[in-house]
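Here the structure comes first, spelled out in structure tokens, and everything after it is commentary.
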């Protein structure tokens, strides 16, 4: 989470005013007990949204929180964010209290995880914090008429959330004491032919830092090239910035 003195945050917003949009909450939907999908409407005609695009919300006087857009529709002037309600931090307070009719400032940032246009296969690994990114990339894959699949480690109460998003991704329960263990076990149970079919895929690894590290190590042991792996850790237990 970006943290600035309040006077500097105010100054920054004046400098980047062309990237700030006044938005209204037009819909909220719970995907599970702690996953909240929010649709915003604003004057996005000039916004250059691409899959993986991140936006910022100012959650208090001197802190911002990054989120990845899960969807955007330029003709309807709407965009969508999936908030993970982790019950900690000022970001959580913002997300829990967002209601239909609320008006906020949305700051357009950039895509830190970019879709690999040259790949015909895309494999996604992550957790609750990855859902928005992978919904966005999944739609891009479908538009490009190529293939994608993946595995997410989710808390028990969130295992069915991917069905609401119509993501073609399998899920396994997460284990905070054994990062990526259940996902790696799932990979080990894949038919050998699956590895042959997906050996040249682009692998996107996001979410918990230790899980990303362990899954990347596993992929390299299986012969996946470093050039095929895109990583972006979002959080880690005990570190500031995840709420």
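In the numbering used here, the protein residues as written are 364 to 606.
A virtual CB, placed ideally from N, CA and C, is assigned to each residue, including glycine.
Computed from a predicted model, the values in this text were never measured in an experiment.
Based on DSSP bridge pairs, tell me the residues matched to residue i.
i           : result
residue 428 : 420
residue 392 : 400
residue 567 : 487, 593
residue 585 : Answer by DSSP bridge pairing: none, since residue 585 is not bridged.
residue 387 : 404, 466
residue 536 : 517
residue 435 : 442
Which two residues bound the contiguous beta strand (DSSP E) that contains residue i?
i           : result
residue 595 : 592-598
residue 446 : 441-447
residue 531 : Element bounds for residue 531: n/a, residue is neither H nor E.
Can the beta-carbon of residue i be found less than 8 Å from the beta-carbon of residue j?
i           : j           : result
residue 567 : residue 530 : no
residue 609 : residue 514 : Examination of residue 609 is not possible in this model, given that the chain is present from 364 through 606 alone.
residue 403 : residue 388 : yes
residue 543 : residue 507 : no
residue 608 : residue 484 : Look at the range of the chain in this structure, 364 to 606, and you will see that residue 608 is not part of it.
residue 443 : residue 433 : yes
residue 495 : residue 440 : no
residue 532 : residue 589 : no
residue 448 : residue 386 : no
residue 476 : residue 569 : yes
residue 384 : residue 509 : no
residue 446 : residue 504 : no
residue 491 : residue 451 : no
residue 527 : residue 394 : yes
residue 390 : residue 463 : yes
residue 558 : residue 585 : yes
residue 573 : residue 551 : no
residue 582 : residue 593 : no
residue 615 : residue 454 : Because the chain in this structure spans residues 364 to 606, residue 615 falls outside the shown range and cannot be described.
residue 609 : residue 555 : Residue 609 falls outside the range modelled here, since the chain spans only 364 to 606, and no answer is possible.
Looking at the secondary structure, which residues open and close the alpha helix (DSSP H) in which residue i lies?
i           : result
residue 454 : 452-460
residue 547 : 544-551
residue 411 : Here residue 411 belongs to no alpha helix (DSSP H), and DSSP marks it neither H nor E.
Which ranges would you report for the beta strand (DSSP E) in the segment 470-526 if only whole runs of at least 3 residues count? 484-489, 510-517
Flag this pair as touching only if the segment 516-526 and the segment 454-462 have three or more C-beta atom pairs under 8 Å; answer yes or no. no
Is the segment 411-422 in contact with the segment 497-515, if contact means three or more CB pairs nearer than 8 Å? yes
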